[in-house]
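What follows is one structure encoded as structure tokens, with my remarks underneath.
Chains as they are written, first to last, in our numbering: chain A, 12 to 608; chain B, 6 to 197.
Quick look at the structure:
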């Protein structure tokens with residue numbers, strides 16, 4: 012049967028078809044749907060682990076017991092998992108172990124644009140890279156085959172465009188490979204003390220040699236000869252773009268990007284007059300081809316940054332700019348992503364933006380509150396960074412920083428990597444207020460469960476992490492729980508905690524607006540009473556997408572009486588968007604915002 | 006029709022049903038026996054920001070992304086978004102615009118102006134322009150979310166895919182409760 016599948020769905024399907032029964036992951040765009048989709052198949056175990064390092068360790072354990080195990084993460088997640096990654100390369104896997112790295116060229120939803128092909132080389136782990144959903148489904152199977160055959164973890168690299176584009180996939184029967192699950196003791200292989208690791212270190216090099224030989228005849232590394240005047244080496248999505256831009260040229264299509272098939276590359280280079288490497292981000296393949304002494308054109312014509320498309324590939328190779336019609340000469344206001352109407356983060360950051368503190372931020376929806384008009388967040392580096400940074404800043408500033416440094420972090424992000432830095436604030440005592448923006452879900456990636464929601468990925472009720480108790484157990488003396496949609500309480504508690512000596516923890520708890528909608532919660536939309544609104548624009552300072560400004564034009568003025576001579580318009584609430592969080596009515600001094608009756 | 010790869014660019018604002026529309030469109034194309042690839046955006050880009058989906062079809066499609074200057078139909082769920090992606094359109098391309106304004110945050114705050122003459126600006130540059138009051142039509146039908154089905158109906162007039170194929174896929178896509186109204190919405194768009 013032919014169906015349309017995203018790259019992520021196809022990876023999940025391929026894993027299921029080849030009998031994979033185990034997956035561990037932490038959600039992260041663009042990788043999230045792989046694990047979500049996989050978890051729905053019959054007879055599989057899939058979990059959200061607290062972070063990518065744990066997920067990889069869980070998958071390693073499963074593989075050592077003989078399972079075929081998947082660890083799934085976005086590109087920056089591999090940084091978190093890097094510690095076990097580099098050494099599982101030494102131990103090998105016993106069963107099958109595939110790590111999926113979903114990279115994000117163009118930073119659609121990430122804080123950096125790192126090219127994780129470098130990890131394959133760095134950690135000496137083979138890497139496959141599919142170029143559409145059909146290949147994604149096939150390649151995950153090949154990855155598991157390679158893992159078992161060569162006793163190695165294997166990377167499958169995706170990019171946003173592969174993960175989130177859909178193409179036609181042929182569904183196949185499930186072919187359960189035999190898994191022999193048992194406890195095996197093999198300390199020389201699995202206890203990486205120096206004496207054993209030195210031996211395995213040599214085994215890794217031998218394995219890479221064997222894999223290099225394998226790459227030469229691997230059918231997914233293939234020469235497609237046409238016009239020999241130009242030859243293009245490409246893998247993944249870059250191949251799809253180049254193939255579309257130059258259907259007439261010859262290609263060396265690489266399904267395996269590490270290790271590279273040096274012989275095949277030499278052979279192809281010998282057959283064509285001019286050789287190009289088309290690859291997004293780093294000159295990963297290009298540098299290695301140059302090291303072989305083969306002349307090649309790459310990054311001197313192609314961009315280093317952002318994802319490509321067929322137009323970019325064509326312009327780079329021909330050196331001719333596309334003749335595009337200019338856009339109309341008007342200012343097109345940007346439409347950045349925004350906190351949803353009714354988002355509880357809005358209340359917290361409305362208050363924080365007015366405290367004159369430095370708010371060290373983290374990764375999540377709330378990062379968006381750095382923008383106007385809230386401007387309530389002042390840094391974002393990586394998952395969990397807020398707490399350590401706030402502590403460091405407070406320590407460096409000393410007296411001067413008292414009551415001035417806040418760290419904010421989401422509930423899921425806190426569990427991911429905020430617990431150890433919070434422990435550090437208690438251990439080394441700084442004057443910081445750490446706020447957990449606890450919206451009861453992993454919102455940014457689309458509502459995934461985590462240890463504090465009380466449910467697992469596969470919907471089982473489980474032990475629910477109690478955040479206030481955890482804070483106290485870590486040594487935080489002052490732990491407060493507030494409702495960020497109550498501005499008065501939020502202001503008062505923030506003021507008290509900022510004045511306090513030593514670290515404190517505020518848990519700003521209110522469920523994500525989308526979570527409420529998903530559960531079928533009733534929205535009680537608010538409206539602006541035009542006869543009361545003075546046009547002071549204070550409510551606009553919340554940056555709520557449901558509130559807009561209507562300037563007086565002739566007609567509106569006839570209907571509405573001006574409260575002051577200077578009044579220029581009124582605020583309007585879109586009843587379809589408003590979910591009645593009441594933040595605007597709390598800031599409206601004239602009392603113009605009321606419930607719709 | 007399948008000699009050359011065709012590209013349709015659907016543009017709109019998060020929450021308008023752009024991705025659902027491109028899913029239906031792609032399913033129809035598969036049903037018609039052609040190859041299709043589509044791209045979309047998730048994650049950060051969803052939160053009320055711009056949403057686009059490229060749908061490309063033909064006998065064999067490689068790239069899920071269209072290049073600029075190469076889109077056959079720009080199907081826009083919101084007026085301003087039409088302007089943002091107009092340079093994707095080929096010379097003889099067609100624009101279908103839903104007559105709806107959704108203000109970006111800067112306009113809501115009164116800091117930027119929403120261009121008042123979007124339709125004129127598009128018409129100055131493109132010959133084939135259709136402006137459809139799809140949001141209004143959907144509300145009249147009783148569910149504003151059906152704007153995407155109506156717009157697919159409008160789009161369907163410019164694709165050589167039999168009506169029966171569309172109906173079949175629409176019936177497979179929607180839950181029994183809403184399938185009849187969506188088919189009605191589709192044909193309303195197809196007649197517009």
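Idealized CB from N, CA, C, for every residue including glycine.
What you are looking at is a predicted structure, and each value in this text was computed from that prediction instead of being measured.
Q: With a threshold of 16 other CB atoms inside 10 Å of the CB of residue 194(A), please say whether the residue is buried or exposed.
A: exposed
(Q) Looking only at its chain, what residues have a beta carbon closer than 8 Å to the beta carbon of residue 617(A), apart from the 5 residues adjacent to it on each side? (A) A question about residue 617(A) goes unanswered here, because the residues of chain A that appear run from 12 up to 608.
(Q) Determine, for residue 62(B), whether the minimum Cβ-Cβ distance to residues of chain A falls below 8 Å. (A) no
**Q.** residue 110(A) (DSSP reduced to helix, strand or coil)
**A.** strand
Q) Under the three-state reduction of DSSP, which class applies to residue 181(A): helix, strand or coil? A) strand
Q: With DSSP as the reference, label residue 575(A) as helix, strand or coil.
A: coil
(Q) Between residue 15(B) and chain A, is any beta-carbon pair separated by less than 8 Å? (A) no
Q: Have a look at the DSSP bridge pairing and note the partners of residue 55(B).
A: 18(B)
Q) What does a CB cutoff of less than 6 Å around residue 50(B) pick up in its chain, not counting 5 residues either side in sequence? A) Since pLDDT at residue 50(B) reaches only 48, below the 50 mark, its modelled position is unreliable, and the value read off the structure follows with that caveat. Correct list: empty, nothing qualifies.
**Q.** Neighbourhood of residue 186(A) by C-beta distance below 7 Å, restricted to the same chain and skipping five residues each side
**A.** 28, 29 and 30
Q. Interface residues of chain B around residue 397(A) at Cβ under 9 Å?
A. Going along chain B, no residue has its Cβ under 9 Å from residue 397(A), so there is no contact; the nearest lies around 18 Å.
Q) Grouping DSSP H, G and I as helix and E and B as strand, with all else coil, what is residue 79(B)? A) strand
Q. Any Cβ of chain B within less than 8 Å of the Cβ of residue 333(A)?
A. yes
Q.
Tell me the DSSP secondary structure of residue 127(B) in three-state form.
A. helix
(Q) When you compare the CB of residue 180(B) with every CB in chain A, is at least one pair closer than 8 Å? (A) no
Q: Using only alpha-carbon positions, find the residue among 536(A), 529(A), 483(A) and 116(A) that is nearest to residue 518(A).
A: 483(A)
(Q) Just verifying my parser: in three-state terms, what is the DSSP assignment at residue 446(A)? (A) strand
**Q.** Cross-strand partners of residue 466(A) (DSSP beta bridge)
**A.** 472(A)
Q: Measure from the C-beta of residue 603(A) to each C-beta in chain B and report whether the shortest distance is under 8 Å.
A: no
Q.
Within 10 Å of its beta-carbon, does residue 43(B) have 16 or more other beta-carbons around it, so buried, or fewer, so exposed?
A. buried
Q: Please classify residue 189(A): is it buried, with 16 or more other beta-carbons within 10 angstroms of its beta-carbon, or exposed?
A: exposed
Q | residue 73(B), buried or exposed, once every other Cβ within 10 Å from all chains shown has been counted against 16 | A | buried
Q: Thinking residue 82(B) and residue 127(B) are a contact (beta carbons under 8 Å), I'd like their distance in whole angstroms, please.
A: Not a contact, Cβ separation roughly 14 Å.
Q) Leaving out five residues before and five after residue 8(A) in sequence, what residues of the same chain have Cβ atoms less than 8 Å from its Cβ? A) The structure shown does not extend to residue 8(A), since chain A is modelled only from 12 to 608, so the question has no answer here.
Q. Among residues of its own chain, excluding the 5 on either side of residue 453(A), which ones have a beta-carbon nearer than 7 Å to its beta-carbon?
A. 38, 423, 459 and 461
Q.
Helix, strand or coil, according to DSSP, for residue 175(A) in the structure here?
A. coil
Q. Can you list the residues of chain B that residue 86(A) reaches, using a CB-CB cut of under 8 Å?
A. Those within 8 Å of residue 86(A) in chain B number zero; the least Cβ separation is about 13 Å.
Q.
Rounding to the nearest angstrom, what Cα-Cα distance links residue 570(A) and residue 587(A) in this structure?
A. 23 Å
Q) Is it buried or exposed for residue 138(A), if we count other Cβ within 10 angstroms and need 16 for buried? A) buried
Q) First and last residue of the alpha helix (DSSP H) that includes residue 142(B)? A) 139-146
Q: Evaluate residue 126(A) with the Cβ neighbour count: other Cβ atoms within 10 Å of its Cβ, from every protein chain shown; 16 or more gives buried, anything less gives exposed.
A: buried
Q | Cβ-Cβ distance between residue 522(A) and residue 590(A) below 8 Å | A | no
Q. According to DSSP, what are the bridge partners of residue 269(A)?
A. 138(A)
Q: State yes or no: is the C-beta of residue 160(B) within less than 8 Å of the C-beta of residue 80(B)?
A: yes
Q) How about residue 95(A) and residue 71(A): do their beta carbons lie closer than 8 Å? A) yes
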